[in-house]
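Peer 1: Note that full-length UniProt numbering numbers the sequence shown so that position 242 is 242, with each residue one more than the last.
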Amino acid sequence: MAVKKARIVIVGAGMAGITAANRLHSVSASKNLFEVCVVEGGNRIGGRINTSEFGGDRIEMGATWIHGIEGSPIHKIAQQVHALQSDQPWECMDGNDNKATTIAEGGFVLNPSFVHPITELFNNLMDHAQGKMSTATTKGESGILSVGSFLRQGLAAYWGSSKEEKELKGFGKWSRKLLDEAIFAMHENTQRTFTSVADLMTLDYDAESEYQMFPGEEITIGKGYSSIIESLASVLPPGSVQLGRKVTRIEWQPERREAVNMENGTCSRPVVLHFSDGSILSADHVIVTVSLGVLKASIRDNDSGMSMFHPPLPAFKVEAISRLGFGVVNKLFMQLSPPHGTRDEHSRGFPFLQMVFHSSNSELRQKKIPWWMRRTATLCPIYNNSSVLLSWFAGEEALALESLKDEEIIKGVSDTVSCFLSQSVEFCNGNVNSEKHSHKYKVEFSKVLKSQWGTDPLFLGSYSHVAVGSSGDDFDKMAEPLPKCSSSSSSHPSASPPLQILFAGEATHRTHYSTTHGAYFSGLREANRLIQHYSPC
């Protein structure tokens, strides 16, 4: 009589889910241990990895960077499948160190020597927060709640040690202090996109130093991030990944084993998945890899009886899901018109523009700049002389972007650019040089493409962070499988079967959350947990 193989169903075909399936298949192929199936609610694999094309260039709608190439499993796979280079131009193919032009609202080009002190201050403060520089305080004893409050304390201390505020001649209504604060805010807005927070005041300070980076340069992938997922999925048997299968309910048995009534009789497998088309599937183990945003929505639905999990998740899991942060970050791509090769003789291509704005409540602000542009730090070609420009948005602005029509976006960005590049003048060492940048810089856009991670029901956001009130412990709680039981109780005849629901995804990794490699590590972790469970002692 054939022994029944354990059936493992993986919910979600993103990096964590495909990595777990790849690992389980590699073991099962030789030992015939498991029946593995990946169910994906969308019409593609990849999850928050989604390579696309725009204006003839290869772009990333989601995950973009390999964050440090030394020790990164993503970089290793990209090398193995020869994905790092491409004949087709791709996003950030020339790295991330193109020389920026920093302009203050009103068209005042800031000399680097003017911007550098604030940039250096901000970077030093972030290095302190991230534990890269020695501090006198012990972790948890800083008395500082958020990264935002720490940064603002640092800026206030900088002002306290500098000269008194003064007007800047020939610089419109900008004072030195206003300009310093606006440059600092520009860097804060970039940091918001790194961490997926609407406001750095909600980003926990003590947890910031737990986040780990790989050493080495940060690069993009020539053949696209999707090539990594496709490589991992290529070894899976045909039919292993089922697209368009949206899970609506997962029934599990936290207390004791019961036979589950199925259409064709009873089934002894302890977990039953219900799908949006009315079909069901039983499993011995389910690896849930959906986003933290989807998990947050599922626990909000507990009271209405529409929760994804039945019975509902235990309190420790619900509390961790509630406390951790999960924000929205979106990318906006814009095609310059005219395209490559037809620029006028005055233009050397669109600059790598850093924008220094007046605050949204300032009387000095230019009224035609829309509010959703004011916390956007940069507007840059995706590589030198590309006709495709990119801006990053976080928080409320990122959500607002999702609902705007293309024409509204084109008008809003065009109006903003005109306030920065039209009749711009250079400020250098207290003097205005109006000759260098005196010509009109007219910019027109032909089309736009934006990501919409916040309203996509399969994601409901972009990536996780440690919110004030949470801690790294919550990532560990996210990773704990269910039911939570001791090894002694699991052998009891009336005990509930172990490892019914396992959790993977970037929001389950304590030190590499918010990254594709964190998702990769989590998929390996849960696959190995099941492999170990079925391995003879």
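We put the beta carbon where it would ideally sit given N, CA and C, even for glycine.
1. Out of curiosity, what's the CA-to-CA distance linking Lys-139 and Pro-351?
2. Using CA atoms only, rank isn't needed, just tell me which of Thr-101, Thr-202, Gln-242 is closest to Ser-149.
3. Output the distance between the C-alpha atoms of Phe-34 and Thr-64, rounded to the nearest integer angstrom.
4. My understanding is that Ala-83 touches Lys-177, with C-beta atoms under 8 Å, so please give their C-beta distance in whole angstroms.
5. Are there 16 or more other CB atoms within 10 angstroms of the CB of Phe-171, so buried, or fewer, so exposed?
6. May I have the straight-line CA-CA distance separating Lys-5 from Asn-32, to the nearest angstrom?
7. Can you tell me the Cα-Cα spacing of Val-318 and Asp-94, whole angstroms?
8. Please state whether the Cβ-Cβ distance between Gly-71 and Glu-218 is less than 8 Å.
9. Span of the alpha helix (DSSP H) holding Phe-150?
10. Does Ala-519 come out as helix, strand or coil in the three-state DSSP assignment?
11. Could you name the residues that DSSP lists as bridge partners for Gln-335?
12. Can you name, in chain order, every residue of its own chain whose Cβ lies under 7 Å from the Cβ of Arg-375, other than the five neighbours on each side?
13. Flag this pair as touching only if the region 231-244 and the region 493-507 have three or more C-beta atom pairs under 8 Å; answer yes or no.
14. Helix, strand or coil for Ala-394? Go by DSSP, reduced to three states.
15. Rounded to the nearest angstrom, what separates Val-432 and Gly-12 at their Cα positions?
16. Flag Val-11 as yes when its Cβ comes closer than 7 Å to any non-hydrogen atom of the ligand HEM, and as no otherwise.
17. With DSSP run on the structure shown, which of helix, strand or coil describes Pro-237?
18. Excluding five sequence neighbours on each side, which residues of the same chain lie with their C-beta closer than 6 Å to the C-beta of residue 548?
19. Buried or exposed: Ser-514, going by 16 or more other Cβ atoms within 10 Å of its Cβ?
20. At what residues does the beta strand (DSSP E) containing Gly-325 begin and finish?
21. Let me confirm a value: Ala-136 is counted as buried when at least 16 other C-beta atoms fall within 10 Å, else exposed. Which label applies?
22. For Ala-207, report the span of its alpha helix (DSSP H) as first-last.
23. Can you check which of these residues, Thr-220, Gln-130, Gly-518, Glu-210, is closest to Asn-96 by C-alpha distance?
24. Using the C-alpha atoms, what's the distance from Ser-446 back to Glu-345?
25. Roughly how far, in whole angstroms, is the beta-carbon of Val-197 from the beta-carbon of Ala-29, given that I think they are within contact range, below 8 Å?
26. Distance, Cα to Cα, Val-286 vs Lys-477?
27. Using 10 angstroms around the beta-carbon of Leu-364, count the other beta-carbons present and answer buried if the total reaches 16, otherwise exposed.
28. Would a C-beta distance cut-off of 8 Å place Arg-529 and Phe-475 closer than the cut-off?
29. Less than 8 Å between the CB atoms is what I'm expecting for Ala-283 and Ile-531, so what's the real figure, rounded?
30. Does Ser-282 get closer than 8 Å to chain C when you measure Cβ to Cβ?
31. Going by DSSP in three states, Phe-503 sits in which element: helix, strand or coil?
32. Val-425 by DSSP, collapsed to three states: which one?
33. Less than 8 Å between the C-beta atoms of Ser-464 and Leu-292, yes or no?
34. On the CB-based measure, 16 or more other CB atoms within 10 Å of its CB, does Ser-146 come out buried or exposed?
35. Please state whether the Cβ-Cβ distance between Phe-459 and Ala-182 is less than 8 Å.
36. Helix, strand or coil for Asn-22, going by three-state DSSP, please let me know.
Peer 2: Looking at the atomic coordinates:
1. The pLDDT assigned to Lys-139 is 47, lower than 50, so where the model puts this residue is not dependable, and the model offers no usable value.
2. Here the closest residue by C-alpha is Thr-202.
3. Cα to Cα, the separation comes out at about 33 Å.
4. Their Cβ separation, rounded to whole angstroms, is 48 Å, which puts Ala-83 and Lys-177 out of contact at 8 Å.
5. The residue in question, Phe-171, is buried, as its Cβ has 16 or more Cβ neighbours within 10 Å.
6. Computed Cα separation, rounded: 8 Å.
7. A straight-line Cα-Cα distance of about 43 Å links Val-318 and Asp-94.
8. Note that the C-beta distance between Gly-71 and Glu-218 is not below 8 Å.
9. Segment 147-161, the alpha helix (DSSP H) holding Phe-150.
10. Secondary structure of Ala-519 (DSSP, three-state): helix.
11. Gln-335 is bridged to Val-388, Lys-447.
12. Cβ within range, chain order: Asn-189, Glu-397.
13. No contact exists between the region 231-244 and the region 493-507.
14. Ala-394: strand per DSSP, three-state reduction.
15. In this prediction, Val-432 has a pLDDT of 43, which is less than 50 and means its spatial position is unreliable; nothing more can be read from the coordinates.
16. In terms of ligand content, the structure shown is empty, and the ligand HEM therefore cannot be addressed.
17. Three-state result, Pro-237: coil.
18. Because the chain here runs from 1 to 537, residue 548 falls outside it and cannot be looked at.
19. That one is buried.
20. Where Gly-325 is concerned, the enclosing beta strand (DSSP E) stretches over 325-327.
21. Confidence is the limiting factor: at Ala-136 the pLDDT is only 44, short of 50, which leaves the residue's position unreliable and the question unanswerable from this model.
22. Segment 205-208, the alpha helix (DSSP H) holding Ala-207.
23. Taking each of Thr-220, Gln-130, Gly-518, Glu-210 in turn and checking the Cα distance to Asn-96, the smallest one comes out for Thr-220.
24. Since pLDDT at Glu-345 reaches only 36, below the 50 mark, its modelled position is unreliable, and no value is offered.
25. Actually they are not in contact, since the Cβ atoms of Val-197 and Ala-29 sit about 42 Å apart, beyond 8 Å.
26. Roughly 17 Å between the two C-alpha positions.
27. Taking all protein chains in view, the Cβ of Leu-364 is surrounded by fewer than 16 other Cβ atoms within 10 Å, so the residue is classified as exposed.
28. No, the Cβ-Cβ distance between Arg-529 and Phe-475 is not below 8 Å.
29. Contact doesn't hold; Cβ gap of about 16 Å is too wide.
30. Considering every chain present, this structure includes no chain C. It has just one protein chain.
31. Correct three-state label for Phe-503: strand.
32. Bear in mind that a pLDDT of 49 at Val-425, under 50, signals an unreliable position, so the model cannot answer this.
33. In this structure, Ser-464 sits near Leu-292, with a CB-CB distance shorter than 8 Å.
34. Within 10 angstroms of the beta-carbon of Ser-146 lie 16 or more other beta-carbons, which makes it buried.
35. Taking C-beta atoms as the reference points, Phe-459 and Ala-182 fail to come closer than 8 Å.
36. Taken through DSSP and simplified to helix, strand or coil, Asn-22 comes out as helix.
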